[in-house]
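The structure appears below as structure tokens.
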Amino acid sequence: MTKYLYVLAALLALGALGAGAAAVHTYRSMTERVVTLEQTAKDFSDLKTRFDAFSKEVTRRAATDQAIRSNRATTSHELENAAHADKPSADFLATPLPAGLRAAYQRAKEQRVPIADSH
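Plus 82 on top of the position in the sequence shown (first one is 1) and you've got the numbering used here.
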């Protein structure tokens, strides 16, 4: 009878060791998951910040583009009106640019430094 008790005690000890090993394994895997989740949360926060900045930029550019289109249309309309308003204005606007002035403009255009991106 005592042999059965010793075997039962040994089995209980092995079961306790197995449960302890399982608990340690579970704890370690949960710790790794927490670290992964913290990194994911940080990445999400960074992406959300970048998306908010991008959304603001898109909204700003849409408003600016509309203003530019409106100004361009107004200027074109005013030029058309000026070209037909009187003969001296029409003659001036119909005169082509001199070749030297056009070449100077092209050289200056090629030497311009592009505007840095604002974000």
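For each residue, glycine too, the CB sits at the ideal point set by N, CA and C.
Collapsed DSSP secondary structure at threonine 141 in the structure displayed
One-based indexing of the sequence shown puts residue 141 at position 59. Threonine 141: helix per DSSP, three-state reduction.
Since alanine 164 and leucine 175 should fall inside the 8 Å C-beta cutoff, what is the C-beta to C-beta distance between them, to a whole number of angstroms?
Numbered from 1 along the sequence shown, position 82 holds the residue referred to as residue 164. Numbered from 1 along the sequence shown, position 93 holds the residue referred to as residue 175. Right, their Cβ atoms sit about 7 Å apart.
By how many angstroms is the C-alpha of alanine 181 removed from the C-alpha of glutamine 193?
Here residue 193 is taken as the residue at index 111 of the sequence shown, counted from 1. Here residue 181 is taken as the residue at index 99 of the sequence shown, counted from 1. Cα to Cα, glutamine 193 sits roughly 19 Å from alanine 181.
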